[in-house]
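What follows is a short report on a single structure.
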Amino acid sequence: MFSTRNQHCGIIFLISLVSYANLEEPCADVPKLKILPGFGWVALKDKDTKQLLQVNYDQCKTTFDGKLLIPDNADAIALQSREIEVKSYIFERWSTYTSPTSASFKVETNVWPKEFLPLYYSLSDNYKKMKNSTSEKWNLRMQK
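All the letters of the sequence shown, read from the start, carry residue numbers -23 to -1, 1 to 121 under mature numbering (1 follows the signal peptide of the UniProt record, and there is no 0).
Set out below in structure tokens:
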């Protein structure tokens, strides 16, 4: 019925189809975490380090929020910081001044409605200190 030549072509086609299916990544729709040790740029030597580590994504491990793929031999830990880093803060009018850290505090809106939030922020010690220590003569104030 079928010649051996047709069988060989069918087997070759089947093998190529299976190998093509294996090339497709199982987690292709999730972006990979790009910031990993062993990749990148050495600023001191001004050189590209190339890839130093072999990275596999076969297990489809993701970060805790599911947004990024991480390598099979790596773990992602969520770090939470309670400290707020403020480098600088520029404001144009005294009437709109709020403390740089006041906007980061979570205030329940059922206790303080949104229209009264500026009043809530104005109760902070930093706000009072800033208002009392400035002068109308100075346009620029630097605070440590």
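Ideal Cβ placement from N, Cα and C applies to all residues, glycine included. Computed from a prediction, not measured in an experiment: that's the story for all the values here.
Query                                                                                                   : Result
From T40, K9, Y34 and G43, residue whose alpha carbon lies closest to that of C50                       : The question names Cys, but residue 50 is Asn in the sequence shown. The residue with the shortest Cα to Cα distance from N50 is Y34.
DSSP three-state assignment for K9, whether helix, strand or coil                                       : strand
C-beta atoms of L30 and C4 nearer than 8 angstroms                                                      : no
Supposed close pair P48, V32 - CB separation, criterion 8 angstroms                                     : 5 angstroms
Same chain, Cβ closer than 6 angstroms to L10, five either side skipped, listed in chain order          : L45 and I47
Contacting residues, own chain, Cβ-Cβ under 6 angstroms from K106 (five flanking each side not counted) : none
Residue(s) in a DSSP beta bridge with L46                                                               : K9 and T39
Straight-line Cα distance separating K27 from D6                                                        : 25 angstroms
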